[in-house]
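Numbering (my numbering), first residue to last: 12 to 134.
Below is one structure, written out as structure tokens; the observations come after it.
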């Protein structure tokens, strides 16, 4: 399943890659508690429990993945692509074609929290 949120910020690819790290996730998403971590790897607390997390630099920004999540939750934070190259897209995926409504809503809220945090960080 795929989920999207679009943040209207001035963040570009380089800025996302420099600022949005595992260690700083809590600055952008207030539902994440960073238990330990550096720029690339760490351990976080989420509404779904505690998970190891890994960050990858990708074209347009960064990708995060919860490496032991049974739903293989991963999300990207990117900018510079059509149809809104000046916006930041938060794109989340899980390895299921369907899931219960409460879980789906929690992912939608998670991405919305990222969107709000990214916009707030730029204001």
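Glycine residues also receive a C-beta, built at the ideal position from the N, C-alpha and C atoms.
Residues of the same chain with a CB within less than 7 Å of the CB of residue 133, apart from the 5 flanking positions on each side, are 20, 21 and 22 in chain order. The Cβ atoms of residue 74 and residue 33 lie no closer than 8 Å to each other. For residue 61, there is no enclosing alpha helix (DSSP H); the enclosing beta strand (DSSP E) covers residues 60–69. Partner residues in the beta bridge of residue 72, as assigned by DSSP, are 69 and 89. Under DSSP, residue 57 shares a beta bridge with 60.
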